[in-house]
Amino acid sequence: MEYTQIASHGIRTNKEVMPNGEQRTRLIFSDGRTYIRTEASKSGAWQNSHYHTALEETYLVQKGWIGFAELIDGSLHLSVEKENNQCSVKPMVPHNIYLPANSIIFTVKHGKYAQGDWHASKALDDLTKYLSEQQIKKRVEGSFI
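Everything in the sequence shown is counted per this note's numbering, starting at 3 for the first residue and increasing by one.
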């Protein structure tokens, strides 16, 4: 398919620079499902903690690594996914991603789509936003061998 034919198949594109400096390029399909390429800024940053009531998200690490945080039963679960690895999050689970400088990920939103299914999680932001890259690495020590 040629690039000019994308719109005729119900696919929209969107490119934006987020407040944390990330560049996101989205392919948005007519059924609401989305594929997103995220390129980290020149300095690492956390995204905003959130959850979905119906959607699932899968993160694929193209370049570099990510810190992956989930809030499960009120406790912070933090892991690291390296290049060529992936992780997924189920609906209703607050989560957040830390992208170090120059990392690239792909995010696939799948499952039951509902317009506006993005809900902030202040509780998880309070546990993650202060964590530096060094603190993330220290907390998941065995992942960087």
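Where a beta carbon is used, it is the ideal one built from N, C-alpha and C, also for glycine. Given the structure is predicted, the values throughout are model-derived calculations rather than measurements.
- At the C-beta level, residue 32 and residue 12 come within 8 Å of one another.
- Straight across, the Cα-Cα distance linking residue 27 with residue 141 is about 31 Å.
- When 81, 62, 73 and 88 are compared, the shortest CA-CA separation from residue 127 is found for 73.
- Going by C-alpha positions, residue 91 is about 9 Å away from residue 57.
- Around the C-beta of residue 132, fewer than 16 other C-beta atoms lie within 10 Å, and the residue is accordingly described as exposed.
- The Cβ neighbour count for residue 67, taken over all protein chains shown within 10 Å, is at least 16; the residue is labelled buried.
- Nearest to residue 59 by alpha-carbon distance, out of 9, 97, 130 and 102, is 97.
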